Structure formats: C-alpha cells, structure tokens
Amino acid sequence: MVGRKRTVSPRSSRRRTGSENDEPDIYQQMLTEAGVSAPEHDSPERPLKRRRPGGSQPKVPRSDHSNEPSRTSAQLDTQKSDGGGDDDDDDEDIEFQDVVLPTPTMQTMELESDDETDEDEDEDVQFQHVDFTSSLPDTETAAGKSNNLELNLTAHLSAASLSRRPGHRRKPISKEERERRIDIHRAHLLCLLSHVARRNHWCNDERVQESLRPHLTDKTVDFLNPGPHLPQFGQAESLKNGLRQAADVWKAQFKITERGLRRALWAEDKEQLQRYEPADDLDSCLDRADFREAAKKLQGSRDVGAQLYCALLRSVGVRTRLVCSLQPLSFGSSAPTLPRAAERAPKTTRSDGTRDALAQYEARAASAGMSTGSAGGTSARRRLGHPNATAYNFQPRPAAPKEWRAFGSPIRIRESAHPVYWVEVLDTGHQKWQPADPVVTGTSWKPRALEPPVADKENMLAYVVAFEADGTAADVTRRYAKAYTAKTRRLRVETALNDGGQWWRRALQPFRRRHPTDLDQIEENELTGLEAREPMPRNVQDFKDHPVFALERHMRRHEVLVPGAKPSGTVGAGSRGPLEKIYRRRDVRIARSAEKWFRLGREVKPNEIPAKWLPKRARPRGFGVDDTDKADGDEDAGTPIYTMEQTILYEPRPVRDGRVTKNKFGNIEVYVPSMIPKGAVHIVHEHAARAAFIAGADYAPALTGFQFKGRQGTAVLNGIVVAKEFEAAVRCVIDGLADVEQEMEDGRRRLAALKLWRRLLMGLRIRERIWSGVDEEERKEADREAEMEAALANAESDVTDEFDMVVDSEGEGGGFVLE
Numbered sequence: 009m010v011g012r013k014r015t016v017s018p019r020s021s022r023r024r025t026g027s028e029n030d031e032p033d034i035y036q037q038m039l040t041e042a043g044v045s046a047p048e049h050d051s052p053e054r055p056l057k058r059r060r061p062g063g064s065q066p067k068v069p070r071s072d073h074s075n076e077p078s079r080t081s082a083q084l085d086t087q088k089s090d091g092g093g094d095d096d097d098d099d100e101d102i103e104f105q106d107v108v109l110p111t112p113t114m115q116t117m118e119l120e121s122d123d124e125t126d127e128d129e130d131e132d133v134q135f136q137h138v139d140f141t142s143s144l145p146d147t148e149t150a151a152g153k154s155n156n157l158e159l160n161l162t163a164h165l166s167a168a169s170l171s172r173r174p175g176h177r178r179k180p181i182s183k184e185e186r187e188r189r190i191d192i193h194r195a196h197l198l199c200l201l202s203h204v205a206r207r208n209h210w211c212n213d214e215r216v217q218e219s220l221r222p223h224l225t226d227k228t229v230d231f232l233n234p235g236p237h238l239p240q241f242g243q244a245e246s247l248k249n250g251l252r253q254a255a256d257v258w259k260a261q262f263k264i265t266e267r268g269l270r271r272a273l274w275a276e277d278k279e280q281l282q283r284y285e286p287a288d289d290l291d292s293c294l295d296r297a298d299f300r301e302a303a304k305k306l307q308g309s310r311d312v313g314a315q316l317y318c319a320l321l322r323s324v325g326v327r328t329r330l331v332c333s334l335q336p337l338s339f340g341s342s343a344p345t346l347p348r349a350a351e352r353a354p355k356t357t358r359s360d361g362t363r364d365a366l367a368q369y370e371a372r373a374a375s376a377g378m379s380t381g382s383a384g385g386t387s388a389r390r391r392l393g394h395p396n397a398t399a400y401n402f403q404p405r406p407a408a409p410k411e412w413r414a415f416g417s418p419i420r421i422r423e424s425a426h427p428v429y430w431v432e433v434l435d436t437g438h439q440k441w442q443p444a445d446p447v448v449t450g451t452s453w454k455p456r457a458l459e460p461p462v463a464d465k466e467n468m469l470a471y472v473v474a475f476e477a478d479g480t481a482a483d484v485t486r487r488y489a490k491a492y493t494a495k496t497r498r499l500r501v502e503t504a505l506n507d508g509g510q511w512w513r514r515a516l517q518p519f520r521r522r523h524p525t526d527l528d529q530i531e532e533n534e535l536t537g538l539e540a541r542e543p544m545p546r547n548v549q550d551f552k553d554h555p556v557f558a559l560e561r562h563m564r565r566h567e568v569l570v571p572g573a574k575p576s577g578t579v580g581a582g583s584r585g586p587l588e589k590i591y592r593r594r595d596v597r598i599a600r601s602a603e604k605w606f607r608l609g610r611e612v613k614p615n616e617i618p619a620k621w622l623p624k625r626a627r628p629r630g631f632g633v634d635d636t637d638k639a640d641g642d643e644d645a646g647t648p649i650y651t652m653e654q655t656i657l658y659e660p661r662p663v664r665d666g667r668v669t670k671n672k673f674g675n676i677e678v679y680v681p682s683m684i685p686k687g688a689v690h691i692v693h694e695h696a697a698r699a700a701f702i703a704g705a706d707y708a709p710a711l712t713g714f715q716f717k718g719r720q721g722t723a724v725l726n727g728i729v730v731a732k733e734f735e736a737a738v739r740c741v742i743d744g745l746a747d748v749e750q751e752m753e754d755g756r757r758r759l760a761a762l763k764l765w766r767r768l769l770m771g772l773r774i775r776e777r778i779w780s781g782v783d784e785e786e787r788k789e790a791d792r793e794a795e796m797e798a799a800l801a802n803a804e805s806d807v808t809d810e811f812d813m814v815v816d817s818e819g820e821g822g823g824f825v826l827e
C-alpha cells in the first residue's frame, strides 16, 4: 500500500469513528479481488488502527504524573490476533495516549493530524498489487546498509559491448567450396527430377485410380468434362465448378498426418550433421504399396494428398499435370543452414514438476504459518493493511487447471503456408493450363498465390516442373514466380554456370517430347510473354545483374554507358537516399584497353577519347616492386579503355616478295585469323618450321596467345606464317618428313622384333645342346618334374603363419602369453 506519510501533531489529536472513514469500501474491493470471503455480521471488535513502522514520527509527550498507558484486555487480545505482541519490533517507536475508549462495538480511529485536510489525503491513497506469499523486506537491515551510490563505468561499458555483440557470423565460402556446392546442387536436381517422375508414374496406377474414383459424384464428373458444344467461357466455368466440388470433397476426406517435402539446408560442420535427427513424422510413403494404402486410407502428407488428387482427376478423364517445386540445396554463399542446437536444460517429467511445485507450495505455506504466529512475522492478512483484515477468512485462490490435449485429437504439423506439390488442369476451351491446390491453399486459377515469400525457411520456389501422364515434363517456373528475372533467376543453376541455361535444358531433355505439339508452343509463348511483361524492380538490390535494366552503381570495372543513353526511370536507395537513374542493359557496353583490343584483332581509332579511365590496382609493398620503378604519370593517369565502336579491325602489313614482317622477338602475332597478313598463310604442324627451313622459304613463328602460370606468362607458339606461294612446297616437305619419320619408326620396330627373335633362337639352341645326349623318356620325365615344380611354386601355401610369429625368447613362453 503506497501513500504519503503523515506526521502527528503534538498539539492535539482527534478521534473519528469507523463510519466516517471511506477506507473500508476500498479495502472491500481489494479483498474481493484477492478472493477473500466477506466478514460475518457478528464479527469481533476491530482493533485500533496501527501506525506504519519505520516512519519518523514525533512522540507525544507524557505527563509527569501519568504512568504507563493502561490498556484493556480486549485491546490486548485484538492486538495479539493481529500478529503483534509486546516485543513487536514494529511497535517500538509507537506510544499511545490516555484515551477514553468507547463501547466495544465501536471502532476508534486515531487521526495523525489535526488539520481538516486529512480527509483529502485519505482519498489520494493508491494501492499496488502485493504478493501475499513473499516476505516483507527487513527495514532495519535496509536502513543499516550504506546509502552511497556506486558508479562503475567499466562494467557499464562491458555490458553495453556484450549487448551490441553481433550474433554468429558466417564465414564466406571459397572458390573451391562454391564449385563443390554447384556440383552438389546439380546432382540434387537430378535426384529430385527422378523422384517426381516416379511419383507421377504412381498416379497412373489403375488400383489407385479405382479406389479413388467412387469419391466423385456423376454430377462432378460431368462438370470436370465439359462438352465441346459449350463456348469457351462455358467450358471454363464448368471446369471451375467441377474442381471446386472435387476440392471440397478432397479437403473433407483427406487427413494430413505426416510432414512432406521441405527445403534442404546445409550443415556448417560434420558434428552438426552427426547430431541432426530427422523428424518422427516424415513422409512414410516410400513405394507403390504404401501409395496404394494411402489411397485407401486417405491420409498421409500433403504431398501425397496432392499426388492422390492428381490420380483422382486422371481417373475421371481430366488431363492433369503433377506439378512440383523442387527444393535442392542452394549453391550461394548466403545459403540457409541447419539451426544451431541450443543448450537445453534436462527435461523433467510431469510428475517431477508437480512434485517440485507441491514441495515449494508446502514450504511457502509453512513459512507463512510460522510468520503469522511469530511476533515479528508478516502474514497475508496483516499485509493487507486493513484494521479489520484479521476478521476475514483469507484463502489463496487455486490456480486454474491446465487444458490437456485429448489423446484422440489430431496433431498439428507446422509446415510452410505454401505447397510443394499441386496440380495443373488443362482448360480445353482456352488451351491453357490452370493450377489447382486443394490441400494447402485451397485455390484454383491463381498461380501467383502459390509462390512462398523469400523469408520462408521451409519452402523455396526456384524450379517448378510439371509432369504429364505420359511422363513428359516442362519447366513452368515463369508462370508462378512474380519476379522471375529479378529474384528467382539468381537461385537457378544458369546464373551460377553463366551458360544461358544450357545445362538445365540438357537435364530436362530425357523428359521432353520429341516433337512439340501446338499446345506446347502456345504454352512457351505464354511463358515468354510473362517474362517479357515483368515490371521494373522496385529496390536497388534487384537491379544487380538484371538482364533488362542496370544502375551505374552495379556496373563492372569494364562496363560503360553509350554516349547519349537515356534513363528509363529512377529508383531511390531507401527513404532518404538520392534518386538513381535506371538505364537499359542494351545501352551498356564493354570497354577494354588498347592491348586487349589488339589481342582480339582490333585496334583503337586514332585521336579517340577514352570512354573511361581505370585506376591502377594497388600493389602490395615488399613484393619486389620499388616505388622508384614506377613511371612518372602512369600511376596517376591509370589505364584508358575504349568501347568497340571506338575500334577498327586490325590489318597487318601484307607479305611482299615472299618476306613476312616480324616483330622484335622474331615472330608474328596471330591471336585471331583476321590478323594473318594478306598474301600469307598459317600452317599448323609440328614440322612446319623445319619444312620451311629445308625449302628455303621465309617464315615467322605464329604467336597465338599466352599461358599464365602463377604471376608470369609464357608465349604460346603454334605453327608458322609463310608466303602463300611457298605453301605447297612447305606442305610437300612436311609430307616427306612425315614419311621419313614413319620409315624410321618402322625400322625401330623391326630392329626390336629381330632382337627378340634372336634371343628366342639362342635359347632354343642352348637347350638343344644341353639335352642332346639324353634319352627321350628321361627328357619327358625331366619336363614333367619341371612342370610340377613350377605348379608348386605358384600354388598357395597351406602352412600356417607360425613361422612368421615373433617368439619371446626371454620369457620362453613358446609363442603363448605367460600368466
């Protein structure tokens, strides 16, 4: 109870009865909220109001002739029942005056001030919620403590630094790690494609379709198969009504009891992968028998529900696709990882928790009972602060019982709010595939409602593949992605490989139709139109590597805008950032230095102003580069770069009188075929230089490039450049050299064969000379023995490995362990 302390005036005091005080009404409301029963009419006399302990109040002076103030037995009994005693610490500073007590049925209240403003002060008293089970603070101990304020700036700064300390920072991946992730991403894609193809094949199972067909009425089947006599609008509306009725039936009968496919996450280390435990409610449909059983029971994961719904529609003759949003492992550096396992406290059973709570409650009750009977203790009744609080029968309100889940109630599975599997139905009137999802979102004809947000950790839309009943598949990601070019394309493998989607097209080649139909061409035109009509991105980050739009801040080192490029719009970098101009990607050009253009067979036009100046790259100190070696002005000016429009095709000096123009190194630079001089020819052969030398023709080795190893480049010479009139002679000499080389190779092989034959003949002659004086029978016996010895030498030994054992000569154990 919070209020202002009131001092007692030493001049006079007045008494007021309980009927004139407004406090009992306020206390009555407080007691009602605390769950205390109301007092009886025949309640005992209320005790005198006690002063607050610990307050600095002036004592009333006693007269010299007065003794200790006399108190009646009723007052003593009332004070004892209130928890006080003669040795109460709270009453040590309180002294009473000699007053004339009224009749016992009346309550006497002693005012602490003689001013008339005391009534207003009582009305300003405010109350707080008091914990009746906790003990009051020891005022004497608190008063004895030091009131000095301690200011520790070091602790404050350390606490602030701890609060500002960032969380777990992920290390950037290396180039090798990125390449490994790309390979894993591609392998995972192939596995998922095979998985969806198998599930699509299960949807054509006759036994599954027979068990599902009776769930649809004839009226629904008629709606799902509109007649050709209806117009386009009528066929579309009939199909919509049929899908709506089928979705209502399916949603009412199919129950989700397991977890379906979810987004794959990376493990940061091997220990995290070893500690990973899959959920207990994973999809248990692993083979066709389980799929047939799920069709009978109509329960399983929501993925199985979408697959069975596809089989249901196919069973009644509706041309249906099974659509899956593949969830492969991401290859980017910011790929999501498995959540870190937090250190959890050991789990306690429900009985242990109940036993601990009961023990705490008994301990609190015992302490409360002891404090009530003791002189200096504080009970719940006394802490209420009301003079007549002891007359109330206070009972603690029991806690509300917890609601326990019934054993038969369904278990809620937390998954993404967007599906991974759904179906597409062909609208024959408009020749267009329309999506339908009866399990998760319950929508149809709404492709944009099936894309999950970027922050969804359970689902990611990057590859959406639709499988038809004949096993053919098509990539329909552009139909469901709201920002395919700006966001979704970055999650796909064509961005990582930078091959224009060539690998992904090869992966889908086994599932494509050999001869595209008219419906396939209509769908391809539709998807291309959706990609072309994609609006301009709204934030700065989406403009990076965008194939249509570009910002100057995202341009690379060698990219510049064409002169006179007009912006297509502006975008703001945040609410307070400046507006930046948006340009078309077709207005961006690649600029190169004059040396690089020369290696591409082009040279810069004379008197061309560079499109851009590239600053020199910073070289680390102490790497063999001295500051005195830098040329004056080169480091400050940088490298000028030019666009392709500022260059022309390089034309080398033509060959005259059979002489080829060479550079200072004695060769000629031929990086591209257009750099071959007029009247010359490039002959690529390992013996070309030798043939030209034998023929007496002037030639120059062709420099076709450089091979870089480490920080040094090595020139690559491939073939020669000679005058065109010497080409025939040089090629004839090359053919002659090739024939001579072939003859030399044949001579070497002939000589090696003759050496082997000579060795064989010499061995036969020696054998014949040794066995010349031996009989035929003895010779055969010797040959037989030689064959047996050779067979025994090559046969496996039956002898044990005892001879190879290490014998303990000191212990003399004979190969056994001595005890």
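Here this note's numbering is used: position 176 in the sequence shown is 184, and no number is missing along the way.
Using N, Cα and C, we set each Cβ at its ideal position, and we do this for glycine too.
Computed from a predicted model, the values in this text were never measured in an experiment.
Inset, instruction - Assuming P575 contacts K589 (C-beta within less than 8 Å), just tell me the rounded distance between them. - result: 4 Å
Inset, instruction - Please report how far the alpha carbon of P662 lies from the alpha carbon of P618, in whole angstroms. - result: 29 Å
Legend entry - Endpoints, beta strand (DSSP E) assigned at V462: From DSSP, V462 is part of no beta strand (DSSP E); its letter is neither H nor E.
Inset, instruction - Count the other CB atoms, across all protein chains shown, that sit within 10 Å of the CB of A474; report buried if there are 16 or more and exposed otherwise. - result: buried
Inset, instruction - Could you check how far apart the C-beta atoms of V729 and A697 are, in whole angstroms? I think they sit under 8 Å. - result: That pair is no contact at about 11 Å.
Inset, instruction - Enumerate in chain order the residues of its own chain whose CB-to-CB distance from W621 is below 8 Å, with the five nearest sequence positions on each side excluded. - result: A645, G646, T647, P648 and I649
Legend entry - Residue nearest to A297 in terms of C-alpha spacing, selected from H196, R610, D213 and K717: D213
Inset, instruction - Please state whether DSSP places W453 in a helix, a strand or coil. - result: coil
Legend entry - Beta-carbon gap between R500 and A463 smaller than 8 Å: no
Inset, instruction - Using a threshold of 8 Å, state whether the C-beta atoms of H554 and R593 are closer than that. - result: For H554 and R593, yes; Cβs fall inside 8 Å.
Legend entry - Exposure of C199, with buried meaning 16 or more beta-carbon neighbours within 10 Å: exposed
Inset, instruction - Kindly indicate which three-state DSSP category N726 falls into: helix, strand or coil? - result: strand
Legend entry - Euclidean distance between Cα positions of E659 and A515: 44 Å
Inset, instruction - Could you check the C-alpha separation between P828 and P236 for me, to the nearest Å? - result: For residue 828 there is no data in the structure shown, the boundaries of the chain being 9 and 827.
Inset, instruction - With a threshold of 16 other CB atoms inside 10 Å of the CB of P286, please say whether the residue is buried or exposed. - result: exposed
Inset, instruction - Answer yes or no: does any C-beta atom of chain B fall closer than 8 Å to that of A303? - result: Of the protein chains in the structure, only one exists, and it is not chain B.
Legend entry - Neighbourhood of N533 by C-beta, 6 Å cutoff - its chain only, sequence neighbours within 5 removed: none
Inset, instruction - Starting from the Cα of I676, find the closest Cα among L269, A731 and I656 and give me that residue. - result: A731
Inset, instruction - Would you kindly report the start and end of the unbroken alpha helix (DSSP H) that includes Q913? - result: Only positions 9 to 827 of the chain appear in the structure, and residue 913 is not among them; the question remains open.
Inset, instruction - Spatial neighbours of P336 within its chain, please: CB distance less than 8 Å, with the 5 preceding and 5 following residues excluded, ordered by chain position. - result: Beyond the five residues adjoining it in sequence on each side, P336 comes within less than 8 Å, by CB distance, of H193, H196, L197, L200, A272, A470 and Y471 in the same chain, given in chain order.
Inset, instruction - Measure the alpha-carbon distance for G313 versus R215 and round it to whole angstroms. - result: The C-alpha of G313 lies about 16 Å from the C-alpha of R215.
Inset, instruction - Compare the beta carbon distance of G250 and T225 with 8 Å and say whether it is the shorter of the two. - result: no
Legend entry - Chain-order list of residues whose beta-carbon lies under 7 Å from that of A723 (same chain, five-residue window excluded): L711 and F714
Inset, instruction - Please report how far the alpha carbon of Q346 lies from the alpha carbon of N467, in whole angstroms. - result: Gln is not the amino acid found at residue 346; the sequence shown has Leu there. So the alpha carbons of these two residues sit roughly 14 Å apart.
Inset, instruction - Look at the alpha carbon of Y488 and the alpha carbon of P461, and state the distance between them as a whole number of angstroms. - result: 12 Å
Inset, instruction - With a floor of 3 residues, list each beta strand (DSSP E) that falls wholly inside the stretch 649–687, ordered by position along the chain. - result: Fully enclosed beta strand (DSSP E) runs of 3 or longer: 655–657.
Legend entry - Reduced DSSP secondary structure (H/G/I, E/B, other) of P518: In the three-state reduction of the DSSP assignment, P518 falls in the helix class, which pools H, G and I.
Legend entry - Alpha carbon of S142 to alpha carbon of V448, nearest angstrom: Residue placement at S142 cannot be trusted, given a pLDDT of 45 that sits under 50; what the coordinates show is reported in the next sentence. Distance between the alpha carbons of S142 and V448 is about 51 Å.
Legend entry - Residues of its chain near A482, where Cβ-Cβ distance is below 6 Å and the 5 sequence neighbours each way are ignored: A474
Legend entry - For P239 and G437, the rounded distance between their alpha carbons: Cα atoms of G437 and P239: separation of roughly 7 Å, rounded to the nearest angstrom.
Inset, instruction - Give me whichever residues DSSP pairs with L768 in a beta bridge. - result: L768 is not bridged to any residue.
Inset, instruction - Let me know if R564 comes out buried or exposed under the rule of 16 or more other beta-carbons within 10 Å of its beta-carbon. - result: Exposed.
Legend entry - Straight-line gap, S583 to L559 (C-alpha atoms, nearest Å): S583 and L559: Cα-Cα distance of roughly 18 Å.
Legend entry - S379 versus Q36 - alpha carbon distance: Note that S379 has pLDDT 45, beneath the 50 cutoff, so the model's placement of it is unreliable and the number below is only indicative. Roughly 24 Å separates the two Cα atoms.
Legend entry - Cβ separation of G609 and L657, assumed to be a contact under 8 Å, to the nearest whole Å: 7 Å
Legend entry - Beta-carbon spacing of L290, R267 below 8 Å: yes
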